[in-house]
Structure formats: C-alpha cells, structure tokens
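Residue numbers (this note's numbering): 1 to 105.
Just so you know, even glycine gets a beta-carbon here, dropped at the ideal spot from N, CA and C.
Here is the structure we will look at, set down as structure tokens.
In structure tokens:
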C-alpha cells in the first residue's frame, strides 16, 4: 500500500502476540493482523467491492462497495469479528449491519 493512513485504531489483542488493527485513508479502509511482528493478513477496500487481502489476493466480496468498519472485536482465541455498515446519505437511516467472522493461525 502506497497511500498514507489517515487514522489507525487501537490494536485488538486476539491471542498472545497477535493483534488486529483497523485503518482508513483517502481511498478506503481496512485492517491488518500482526503476530510476533509478522503481518499475517492485510485487507483493504480500495478498488474492490469488498476487501482484498493484499498479501494473498483473497477477495471478500460484498454487495456494497462503500462500507464503513464500525468495530473489530475478539470472539475467541485467534478469532475476531469485523462489523460493517453501508455508507448512506445523512438523510437515510441505515438498517443494515454486516458481521464478518475470521480466524488466523
């Protein structure tokens, strides 16, 4: 990724020496997982209808291409959930929440 981060959030500890960190920038948002200073996965929304793991080219296809990450939470050891909602106009109340459950080793 060549773009600068605008924001990063407090890393979420999902296991010993394993953390998930959310970020955003001018072109999108995403998250990355680090274990013992090694990046395990790096998902980014730029140019995708969903999120692409820049390390493996795995794509998590979504129905909406403008998703906001609401939160990332540990579920169990080495597992986490990412909560998304579609970006809407301010006049429209959002009625959709998407939960993605993932695990790393």
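{"Check": "Would residue 32 pass as a contact of residue 21 if the rule is Cβ separation under 8 Å?", "Outcome": "yes"}
{"Check": "Is the beta carbon of residue 34 sitting closer than 8 Å to the one on residue 74?", "Outcome": "no"}
{"Check": "When the Cα of residue 59 is compared with those of 6, 45, 3, which residue comes out closest?", "Outcome": "45"}
{"Check": "Can you give the beta carbon distance from residue 101 to residue 81, rounded, assuming they're within the 8 Å contact cut?", "Outcome": "5 Å"}
{"Check": "Among 69, 91, 77, whose alpha-carbon lies nearest the alpha-carbon of residue 98?", "Outcome": "69"}
{"Check": "Using only CA atoms, which one of 51, 85, 36 lies nearest to residue 28?", "Outcome": "51"}
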